[in-house]
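Residue numbers (our numbering), protein chains in the order written: chain U, 1419 to 1575; chain D, 18 to 118. Remarks on the structure that follows.
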Amino acid sequence: MLNTAIDNDRFALLHGSIDTAAIARDVRAEHDGAVVTFDGFVRNKSYGRRTLYLEYEAYEPMALAKMREIAQSIHEKFTIHRLAIVHRLGRLEVGETSVFIAVSAPHRAAAFDACRFAIDALKRTVPIWKKEFFEDGAVWADGELPPAPPSASKPAS
Amino acid sequence: MLAGHAASGYNFSVPPALSNLRLKVLFFGRLRELTGIAEESLEIRAGATLADVFDQYATRFPNLVSFRSSLVPSRNEEFAPWDSTISDGDTIAFLPPVSGG
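Right, here's the structure in full:
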């Protein structure tokens, strides 16, 4: 029987390099038919400026909690088996993987959909920040403002 | 004297002290750089909201004010509305737009 429990999922924030092949292999099981992965890595330029390197930082316990929430929604929405979401922190050079997501499922459609959902949700809601270093300075990336919860004074509808 | 009251059987009730709340406040990314603070303890009056905590920092660091509209506060690792009331021992952060990935 297909195990859709979040208990088999993996969430991690790593200060060293991400072993993408091992993660993609670890989400597989015999009853799966597909693994879809997303490998996000450091681009060599940003808005026309040459990137030297990036630095990522996170609100670590909250970031892991948010990854877990994303996984929870994914298991509710899509028929998948396992999910792994791994993000790297600290200094990253051009070409190095900053985020890796792997989803296994019996069928490809759910794996594709879940993987896309995971990276989009991560970029919107997981408290991780990127600083871009250029030859002539550094900037914090613009980013996305997570949706603010409704005011506490309003009664829940 | 207090002993006198006790001896006379007088019930001398003291109003409960309006004790301050102790919080942990965290800053990340550009806010950490702006304030020079990654984490600190703060005491604030009971009944204070997340907005009150932010205002206290904005008094210390006037440059924070321009960031107010582009932040989402968190309380105990959950996004929280600005008007949520703080409890003793809460961990609070003011999160800039996220840019992971």
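All residues carry an ideal CB built from backbone N, CA and C; glycine is no exception.
Sorted by chain position, which residues of the same chain lie with C-beta nearer than 8 Å to residue i's C-beta, five sequence neighbours on each side aside?
i: S58 of chain D; result: R39, L40, K41 and V42
i: D107 of chain D; result: L38, L40, K41, R92 and N93
i: E1562 of chain U; result: K1541 and R1542
i: R49 of chain D; result: A55
i: E1514 of chain U; result: S1435, F1459, V1460 and R1506
i: I1537 of chain U; result: F1456, G1458, V1517 and I1519
My output table needs one value for residue i: the three-state DSSP class, helix, strand or coil.
i: E1475 of chain U; result: strand
i: T1438 of chain U; result: helix
i: D1457 of chain U; result: strand
i: F84 of chain D; result: helix
i: P1503 of chain U; result: Just to set this straight, residue 1503 of chain U is Ile in the shown sequence, not Pro. In this structure, I1503 of chain U counts as strand in the three-state DSSP scheme.
i: A1430 of chain U; result: strand
i: L59 of chain D; result: strand
i: V1445 of chain U; result: coil
i: L48 of chain D; result: helix
i: I103 of chain D; result: coil
i: S1491 of chain U; result: helix
i: T1497 of chain U; result: coil
i: V1517 of chain U; result: strand
i: P90 of chain D; result: strand
i: I54 of chain D; result: coil
i: A1452 of chain U; result: strand
i: F71 of chain D; result: helix
i: L1540 of chain U; result: helix
i: F78 of chain D; result: coil
i: H22 of chain D; result: Because the pLDDT of H22 of chain D is 47, which lies under 50, any placement of that residue in the model is unreliable, and the question is left without a value.
i: A1529 of chain U; result: helix
i: A1523 of chain U; result: strand
i: P97 of chain D; result: Before going further, note that residue 97 of chain D is Ala rather than Pro in the sequence given. Note: A97 of chain D maps to coil in three-state DSSP.
List, in chain order, every chain D residue whose beta-carbon is nearer than 9 Å to that of residue i.
i: I1492 of chain U; result: Neighbours of I1492 of chain U on chain D: none; closest Cβ ~16 Å, over 9 Å.
i: V1517 of chain U; result: G117 and G118
i: A1590 of chain U; result: This structure cannot speak to residue 1590 of chain U, because chain U is shown only from 1419 to 1575.
i: P1568 of chain U; result: P98
i: K1541 of chain U; result: V115, S116, G117 and G118
i: V1544 of chain U; result: V115, G117 and G118
Going by beta carbon distance, what residues of the same chain come within less than 6 Å of residue i, once the five residues before and after it are set aside?
i: G1458 of chain U; result: S1516 and V1517
i: R1428 of chain U; result: A1502
i: R1509 of chain U; result: Y1471 and E1473
i: F1496 of chain U; result: A1528, D1531 and A1532
Please list, in chain order, all residues of the same chain as residue i whose beta carbon is under 7 Å from its beta carbon, the five residues on each side excluded.
i: E1511 of chain U; result: V1460 and Y1471
i: A1442 of chain U; result: V1453, T1455 and A1520
i: P114 of chain D; result: S87
i: D1425 of chain U; result: none
i: L1550 of chain U; result: The question names Leu, but residue 1550 of chain U is Glu in the sequence shown. Taken in chain order, the residues that qualify are S1464, T1469, L1472, A1556, V1557 and A1559.
i: N1462 of chain U; result: R1468, T1469 and V1512
i: A23 of chain D; result: Its pLDDT being 45, under 50, A23 of chain D is placed unreliably in this model, and the coordinates cannot settle the point.
Taking 6 Å as the cut-off, is the beta-carbon of residue i closer than that to any non-hydrogen atom of the ligand GTP?
i: R1468 of chain U; result: Looking for the ligand GTP in the displayed structure turns up nothing, as the structure carries no ligands at all.
Starting from residue i, find everything on chain U with Cβ-Cβ shorter than 8 Å and list it in chain order.
i: L43 of chain D; result: Y1477
i: S87 of chain D; result: L1563
i: S91 of chain D; result: Y1477, M1480 and P1545
Applying a beta-carbon distance threshold of less than 7 Å, which residues of chain U neighbour residue i?
i: E94 of chain D; result: P1479, M1480 and A1483
i: R47 of chain D; result: W1558
i: S83 of chain D; result: Neighbours of S83 of chain D on chain U: none; closest Cβ ~14 Å, over 7 Å.
i: A110 of chain D; result: Y1477
In chain D, what lies closer than 7 Å to residue i by C-beta?
i: E1562 of chain U; result: P114 and V115
i: H1505 of chain U; result: G117
i: I1537 of chain U; result: G118
List the residues of chain D whose Cβ lies closer than 8 Å to the Cβ of residue i, in chain order.
i: G1458 of chain U; result: G118
Bridge partners for residue i per DSSP, in chain order?
i: L40 of chain D; result: D:L59
i: E1562 of chain U; result: D:V115
i: K1463 of chain U; result: U:R1468
i: I1424 of chain U; result: DSSP, once it has assigned bridges, lists no residue as partnering I1424 of chain U.
i: E1511 of chain U; result: U:Y1471
query = Can at least three beta-carbon pairs, one atom from the region 1519 to 1530 of chain U and one from the region 95 to 111 of chain D, be found at a separation below 8 Å?
reply = no
request  = Could you tell me whether the region 1470 to 1490 of chain U touches the region 1445 to 1452 of chain U, where touching means 3 or more Cβ pairs closer than 8 Å?
outcome  = no
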